[in-house]
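**Student:** First, the structure itself, so that you have it in front of you.
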Amino acid sequence: MSTIEKLKNMDEVVSLYSASGDHMIIAECWFKSSDDLTAFIKTLEKMKGITKICPAVILEKIK
Numbered sequence: 007m008s009t010i011e012k013l014k015n016m017d018e019v020v021s022l023y024s025a026s027g028d029h030m031i032i033a034e035c036w037f038k039s040s041d042d043l044t045a046f047i048k049t050l051e052k053m054k055g056i057t058k059i060c061p062a063v064i065l066e067k068i069k
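Counting in the working numbering, the sequence shown runs from 7 upward without gaps.
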């Protein structure tokens, strides 16, 4: 199974985008706690095909 297929099948991933620029794939994920986020990142670190993880947390929706 490809990395993209694995990401598509993860419950935490609510949206998955192909992008240009610094990031090839952007995943929108939702978590109940920071511990859940940390566990998810550790899972991604073990996945073949993922070379860099750049988490960002949305603080406020402006528009």
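The beta-carbon is built from N, C-alpha and C at its ideal position, and this holds for glycine as well. The structure presented is a predicted model; accordingly, all values stated were derived computationally and were not measured.
Here's a check: name, in chain order, each residue in its chain whose Cβ is nearer than 7 Å to the Cβ of M53, leaving out the five neighbours to either side.
**Tutor:** T9 and K12
**Student:** What number of angstroms, rounded off, separates the C-alpha of T44 from the C-alpha of C35?
**Tutor:** 12 Å
**Student:** Excluding the 5 residues preceding and the 5 following L22 in the sequence, name in chain order all residues of the same chain whose CB lies nearer than 8 Å to its CB.
**Tutor:** I10, L13, K14, I31, I32, A33 and E34
**Student:** Terminal residues of the continuous beta strand (DSSP E) containing L22?
**Tutor:** V19 to S24
**Student:** Does the distance from the C-beta atom of L65 to that of I56 stay below 7 Å?
**Tutor:** no
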